[in-house]
Amino acid sequence: MGLGQNFRRWGVWAFIAVLVLSPHAASADTITPDQITAALSKLEALAEGVVADGGVPGLAIGVVHDDKVVFLKGFGHREAGKPETVDADTVFQIASLSKPVSATIVAALVSDEIVSWDTKIADLDPAFRLSEPYPTSELTVRDLFSHRSGLPGTAGDDLEDIGYDRAEILHRLRFVSPSSSFRAGYSYSNFGLTEGAVAAAKPTGKPWEEVAEEKLYRPLGMVSTSSRHADFIKHANRAPLHVKLDGVWTAKVKRDPDAQAPAGGVSSTARDLSQWVRLVLGNGVYEGKPLIAADALAETHVPLMTRGKNPVSGSTSFYGLGWNVEFGRHGLSWGHAGAFSVGARTLVTLFPEQKLGIVIVANAFSTGVPEGLSDSFADMAFDGKVEKDWVKQWDDIFASLFGPAVAAAKATYAAPPSPASPAGPASAYNGRYFNDFIGGAVVSGEGDGLVLKVGPGGARSYSLEHFDRDMFLTYPDAETPDAPSGVNFVLGPDGKASAMTIEFLDGNHLGTLKRVAD
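Taking the working numbering, the leading residue of the sequence shown gets 129, the next gets one more, and so forth.
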């Protein structure tokens, strides 16, 4: 599987996307407005410094306390090298921060008694299947929003990468073997949660995107928020995605996440997201009016699954329904992060006992800036001082996770064996291949090399360069263009390939396709 695909969809976002640190008893004292004012002044200076030092091209922050938006500001530039600046109304792609937003939307459906968290998917969407009959018959909305269905975390992401739409991806999840027994393991799944949201919306007779608008965005006046990529690109005041190339932030790759809109396809602003934070901290009450029943919303914050250890503190983290739940240095927190490896980082952290929340959206990957700023602000609000340089701490964690992974991928195919075995003739590999999950693929000669086409109608095309004998290399990730991935052919007795394995589509052992007749 390609590096970019891994970064984008690992449970690393289930692993990193938390915001509470080393555990010790939290103060029972209420945070005063003066403490917040002092902390905000320091937060503003810290954010300005991070942007000035090149930590990210741009970011925006919203802070809510006691049902008031007490801070709302943008920093830096929408696009590196261009003059337009980020403000509170700059629209960002928020990636997996979409998950708690979508959990709030489903809570609204539960509040309206359209569904319950324990409604079975088989009753809502009878066509949906897991690979085994018992989990298929028992699977609920709660199971999918807590990532305990047994679906591997990356299931379906590979199909999205090669151009399949949401309906086809959800249909093909039935071919994916489980990574754990039903309800026995946590595996952070974009398309599992997407199915939970889409199924929950089915009784309305409306698409998810419309339900999201009706149940959350319009009631809260979130006028710049959408679950449609087309709406994001209509905004003039939007922040493109950035990655570092040769040490320079560059807006290189675009990302259309419509297929997984409930899990990663929301676009929004710091201003809009602050209104959502008010609703969540208000237990479903907004501007004095109950919009979502408190008990329906409270279900999203019940810790259901152990996620593992927080990478900074080592404390145990839990997952509720679209939310991370922890008890750490500053007490109970609810949070979630988001990332696209092609250039987005986002974060929300709420301290419900203090009615305090912060949301940070940034236009770059990889960076620990959102976590670092959030943790620094929490220190300043609760303790009046920052315990350590959290931005550096989180940046170092990201570097340790992704730098070695990139290097390892390059090292695997750094040089062919010596001497390398020659490839067979192009006719040995040319032809059509198929499996139920990936669908059809075509290998053909083009110039002096081979080309692999996969996806609906051959939507994605990859040049193959010879490595050794029947192994070829391709470079599938636009954000890591020098990271190779293997395509390995198995030749039959007739000297023609009988099958091929596409490494970047083999994360769930479904990347082997057999030759079929033309």
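Quick reminder that beta carbons are idealized off the backbone N, C-alpha and C, glycines included. A quick note: this is a predicted structure, and the numbers were derived from the prediction, not measured.
Item                                                                                                           : Value
Phe505 beta carbon near the ligand MN (any heavy atom closer than 6 Å)                                         : Inclusion of the ligand MN in the displayed structure is not the case, the ligand content being empty and no account of it being possible.
Three-way DSSP call (helix, strand, coil) for Ser244 in this model                                             : coil
Cβ-Cβ distance between Phe493 and Arg473 below 7 Å                                                             : yes
7 Å CB neighbourhood of Arg257 in its chain, flanking five on each side removed                                : Thr264 and Arg302
Candidates Gly456, Ala548, Asp271 and His429: closest to Pro439 by CA position                                 : Gly456
Cβ-based burial, Asp285 [other Cβ within 10 Å; buried from 16]                                                 : buried
Burial state of Glu631 (16 or more Cβ within 10 Å)                                                             : buried
Inter-residue spacing [alpha-carbon to alpha-carbon] between Thr428 and Ala389                                 : 19 Å
Closest by C-alpha distance to Ile566, when choosing among Leu279, Leu200, Gly202 and Leu633                   : Leu633
Arg346 classed as buried or exposed, judged by whether at least 16 other C-beta atoms fall within 10 angstroms : exposed
Residue nearest to Val304 in terms of C-alpha spacing, selected from Thr282, Leu478 and Ala325                 : Thr282
Per DSSP, cross-strand counterpart(s) of Ala490                                                                : Leu187 and Arg473
Which of helix, strand or coil DSSP assigns to Trp451                                                          : coil
Contact between the stretch 319-327 and the stretch 285-298 (3+ Cβ pairs under 8 Å)                            : yes
Buried or exposed (CB count within 10 angstroms, at least 16 for buried), His637                               : exposed
Which of helix, strand or coil DSSP assigns to Ser461                                                          : strand
Closest Cα partner of Gly568 within the set Ser309, Ala422 and Lys642                                          : Lys642
Minimum C-alpha distance to Lys201 - residue among Tyr316, His275 and Ile486                                   : Ile486
DSSP three-state assignment for Val197, whether helix, strand or coil                                          : strand
Per-residue burial, Gly410 [other beta carbons within 10 Å of its own, 16 or more giving buried]               : buried
Inter-residue Cα distance where the pair is Val430 and Ser308                                                  : 22 Å
Contacting residues, own chain, Cβ-Cβ under 6 Å from Phe562 (five flanking each side not counted)              : Gly568, Leu641 and Val644
Whole-angstrom C-beta distance between Lys227 and Ala329, which should lie under 8 Å                           : Wrong, their Cβ atoms sit about 15 Å apart, outside the cutoff.
Contact belief for Leu658 with Val179 at Cβ below 8 Å, rounded distance in angstroms                           : Lying before the first or after the last residue shown, residue 658 is absent from the chain, which here runs from 129 to 646.
First and last residue of the uninterrupted beta strand (DSSP E) at Met433                                     : Met433 to Lys437
Given 8 Å, three or more beta-carbon pairs between the stretch 509-526 and the stretch 212-219                 : no
Every unbroken alpha helix (DSSP H) within the stretch 554-592, with a cutoff of 4 residues, ordered by chain  : 554-557
Three CB pairs or more closer than 8 Å across the stretch 448-467 and the stretch 369-382                      : no
Buried versus exposed call for Ser402 [16 or more other C-beta atoms within 10 Å across all chains shown]      : buried
Inter-residue spacing [alpha-carbon to alpha-carbon] between Ile159 and Phe526                                 : 31 Å
Gly575, buried or exposed, once every other Cβ within 10 Å from all chains shown has been counted against 16   : exposed
Buried versus exposed call for Ala424 [16 or more other C-beta atoms within 10 Å across all chains shown]      : buried
Pick from Ala235, Pro584 and Ala208 that is closest to Lys380, judged by C-alpha positions                     : Ala208
Ala236 burial status per 10 Å Cβ neighbour count (16 or more: buried)                                          : buried
Distance between Gln221 and Gly349 (C-alpha atoms, nearest Å)                                                  : 18 Å
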